[in-house]
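A.B. asks:
In the working numbering, the protein residues as written are 89 to 234.
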C-alpha cells in the first residue's frame, strides 16, 4: 500500500475552505483530473454519501464517505473504479491555525491492481500522478477562494 500526504497553509478562514472541500458531489470544481462528479442516492454529504467521479476516456471512480467530522475533515473509500486501483482511501481536511490562516491537508493511501506489474507501475507512474493530482486540487482550490 502506498501512502501520499500533502499539507499546505492557506491565508483564508477555515469555514470558507470547508465550504469548498465539503461540497462532496461537486468535487470536479476543484479536481483538475475530473470532467464531472455527482451524488448517487439521496445523501448529499456525511457518512454513507456516494459520488461518482468521471474522468476523460470513460474512466470513473465511485467513492463513499466513511468518516465525516463537520467543519474539519472527511474520509472516502473507493468502492468501484475503471482505474488500476485495487483499493484506495483518502482524507481531506482543514485545521485553523490563526484568524484567516488554515492548514489544508490530504492523505491518500492506495493499492494498485495487477500484482507485481501494478507495483512497478506504481513506482514508475502512479505515485507521481497521485501527487500531481493532489497538488492540482490544492492549486485550484487556492485559486477559487482567492
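C-beta: ideal position from N, C-alpha, C; glycine also.
Using beta-carbon positions only, say whether residue 92 and residue 219 come within less than 7 Å of one another.
C.D. replies: Residue mapping note: residue 92 aligns to position 4 of the chain shown, counting from 1. Residue mapping note: residue 219 aligns to position 131 of the chain shown, counting from 1. Contact flag set, yes.
A.B. asks: So, residue 180 versus residue 109, is the Cβ gap smaller than 7 Å?
C.D. replies: Locating residue 180 in the chain shown gives position 92, where the first residue counts as 1. Locating residue 109 in the chain shown gives position 21, where the first residue counts as 1. A contact, by the Cβ cut-off of 7 Å.
A.B. asks: Return the residue from the list 228, 112, 192 that minimises the CA-CA distance to residue 120.
C.D. replies: Along the chain shown, one-based indexing puts residue 120 at 32. Nearest of 228, 112, 192 to residue 120, Cα basis: 228.
A.B. asks: Cβ atoms of residue 154 and residue 140: under 7 Å apart, would you say?
C.D. replies: Residue numbering aside, residue 140 sits at position 52 when the chain shown is read from its first letter. Residue numbering aside, residue 154 sits at position 66 when the chain shown is read from its first letter. Contact annotation: residue 140 and residue 154 have beta-carbon atoms that are not nearer than 7 Å.
A.B. asks: Among 168, 189, 210, whose alpha-carbon lies nearest the alpha-carbon of residue 199?
C.D. replies: Residue mapping note: residue 199 aligns to position 111 of the chain shown, counting from 1. Ranking 168, 189, 210 by Cα distance to residue 199 puts 210 first.
A.B. asks: Please report the straight-line C-alpha distance between residue 133 and residue 113, rounded to a whole angstrom.
C.D. replies: Counting from 1 along the chain shown, the entry for residue 133 is found at position 45. Counting from 1 along the chain shown, the entry for residue 113 is found at position 25. So the two alpha carbons sit approximately 8 Å from each other.
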